[in-house]
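Everything below concerns the one structure shown next.
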Amino acid sequence: MGDKIKRIGVLTSGGDAPGMNAAVRAVVRTAVGQGIECVGIRRGWSGLINSDFVPLTGNSVSRIINRGGTMLYTARSLEFMEEEGRKKALATCKLLGLDGIVAIGGDGTFRGALAISRQAGKDGMNLRVVGIPATIDNDIGCSHYTIGFDSACNTAIECIDKLRDTMQSHERCSVVEVMGRHAGNLALYVGLAVGATSVLIPERPVDFENDVVENIRRARLAGTTHYMVVVAEGAGSVYDIAAQIKDSLGIDPRVTVLGHIQRGGAPSARDRETASRMGYTAVQALVADKGNRIVVSKDGRIRDLDMEEALAETKEFQMERYDILEALTNNGMSRFR
Ligand code: F6P
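Its first residue numbered 43, the sequence shown is counted upward by one per residue in this note's numbering.
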């Protein structure tokens, strides 16, 4: 067993996600409840490099559980990816007397967490680092769920439902880009939930004729006069797809890029609840002297795993959602079946 944990730092890094504040709150309240002091590190890993911090009490995190964004600000730090940057960050940990860090974020945040925990080990420092997955992309291999995904889905669905109203009135085709970086989780989930005509995702090679043109034709033959094509940002340019639709079918689609609106707004019930459980679990891991862990959600259970092992895991893409989408799109509607 190492020394008892006295003081920890908490930070949010990478793209923000609804529910990050709820996770910060859970970390702070759990820690304070066990006599551990908390320091908020602002602007992600760069805050550790630049000694940019704010002491946090249980009161400092009041009334943030319902707020989108992150009260600690966030950033992506290139300097932290260099050994020199990490050494400066460790110097800050030493100066502030931090025994542990809870890092809330996605893929890049976890690469940072792994790098600093290795660096600390090399430098003979006992710094325990725990990661909490929060990204609207839901693309972390070791966790079935990441904080923010559900809220982002709900925001995208609300926007697309509104788009559908006007597309229906004007009998138009809508081509909508949703976020997700290199992953199609958000697009597929949202596409299924809005009853999209087609969904294009990076995990599945696009067969434009079959997946888009024929789907629109089938919808038209079944009597539909508006169409919703949902495109993951990693699956190609929405403008090119709209132009191809115009060339192939002679209809003039309208393009909408939902963009950063998907990252804002109040966190959903699922995100608040998951963030609260994950924040609590992260501090319990530190209290049990389990450094270098990642908190994950697997089959509805929140657990902490060894960081190195967890980050080596890859997530199998749930392609059955695509099969379900295909089974439901236009089926049973066609006059020709
Ligand atoms: O990782 C979250 C995410 O919103 C991705 O979906 C998107 O590709 C990226 O961040 C956008 O990053 P930025 O905020 O730097 O434009």
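Backbone N, C-alpha and C define an ideal beta-carbon position, used for all residues, glycine too.
None of these values were measured; they are calculated from a predicted model.
- Task: Entirely within the segment 198-276 and at least 4 residues each: give me those alpha helix (DSSP H) ranges in chain order.
- Result: 227-236 and 256-263
- Task: Find out if the Cβ-Cβ distance for the pair residue 65, residue 221 is shorter than 8 Å.
- Result: In the sequence shown, counting from the first residue as 1, residue 65 sits at position 23. In the sequence shown, counting from the first residue as 1, residue 221 sits at position 179. For residue 65 and residue 221, no; Cβs fall outside 8 Å.
- Endpoints, alpha helix (DSSP H) assigned at residue 347: Mapped onto the sequence shown, residue 347 falls at position 305. Run containing residue 347: none in the alpha helix (DSSP H); it sits in the beta strand (DSSP E), 343-348.
- Query: residue 99 and residue 74: beta carbons closer than 8 Å?
  - Reply: The count along the sequence shown starts at 1 and reaches residue 99 at position 57. The count along the sequence shown starts at 1 and reaches residue 74 at position 32. Against a cut-off of 8 Å, the Cβ pair of residue 74 and residue 99 comes out as a contact.
- Task: Could you name the residues of the same chain whose beta carbon sits closer than 6 Å to that of residue 197, not counting the 5 residues immediately before and after it, in chain order?
- Result: In the sequence shown, counting from the first residue as 1, residue 197 sits at position 155. The residues are 304 and 307.
- Item | Spatial neighbours of residue 333 in its chain, beta-carbon cut-off 6 Å, leaving aside the 5 residues before and after | Taking the sequence shown and counting its residues from 1, the one referred to as residue 333 is at position 291. Around residue 333: 170.
- From the DSSP output, in three-state form, read off residue 79 for me. What you label residue 79 is simply residue 37 of the sequence shown in a count that begins at 1. Residue 79: strand per DSSP, three-state reduction.
- Run through DSSP, which three-state label would residue 47 get? Here residue 47 is taken as the residue at index 5 of the sequence shown, counted from 1. Note: residue 47 maps to coil in three-state DSSP.
- Return the first residue and the last residue of the beta strand (DSSP E) that residue 339 is part of. Residue mapping note: residue 339 aligns to position 297 of the sequence shown, counting from 1. Residues 335-340.
- With the ligand F6P as the reference, list in chain order each residue whose Cβ lies under 6 Å from any of its heavy atoms. Chain-ordered list of matching residues: 57, 148, 177, 178, 179, 221, 222, 223, 275 and 305.
- Same chain, Cβ closer than 6 Å to residue 186, five either side skipped, listed in chain order: The residue labelled residue 186 in the question sits at position 144 within the sequence shown. Closer than 6 Å at Cβ, skipping near neighbours: 339 and 340.
- Query: In terms of residue numbering, what span does the beta strand (DSSP E) encompassing residue 143 cover?
  - Reply: Here residue 143 refers to the residue found at position 101 of the sequence shown. Taken as a continuous stretch (DSSP letters only), the beta strand (DSSP E) holding residue 143 covers 142-147.
- Note the first and the last residue of the continuous beta strand (DSSP E) segment covering residue 298. Translated into the one-based positions of the sequence shown, residue 298 becomes position 256. Its beta strand (DSSP E) spans residues 296-299.
- Query: With 16 as the cutoff for other CB atoms within 10 Å, does residue 45 come out buried or exposed?
  - Reply: If you number the sequence shown from 1, residue 45 lands on position 3. Its Cβ having fewer than 16 others within 10 Å, residue 45 is exposed.
- Let me know the beta strand (DSSP E) ranges lying completely inside the segment 59-113, each 3 residues or longer, listed in chain order. 79-83 and 95-98
- Query: Is there contact between the segment 140-160 and the segment 51-61, where contact requires at least three CB pairs shorter than 8 Å?
  - Reply: yes
- Across which residues does DSSP place residue 173 in a beta bridge pair? For the purposes of this step, residue 173 is identified with residue 131 of the sequence shown, where counting begins at 1. Residue 173 is bridged by DSSP to 145 and 336.
- Task: Go ahead and label residue 96 buried or exposed: buried means 16 or more other beta carbons lie within 10 angstroms of its beta carbon, across all protein chains shown.
- Result: Taking the sequence shown and counting its residues from 1, one reaches residue 96 at position 54. Exposed, because fewer than 16 other Cβ atoms sit within 10 Å of the Cβ of residue 96.
- Among 294, 247 and 276, nearest to residue 270 - alpha-carbon criterion: For the purposes of this step, residue 270 is taken as residue 228 along the sequence shown, with counting starting at 1. It is 294 whose Cα lies nearest to the Cα of residue 270.
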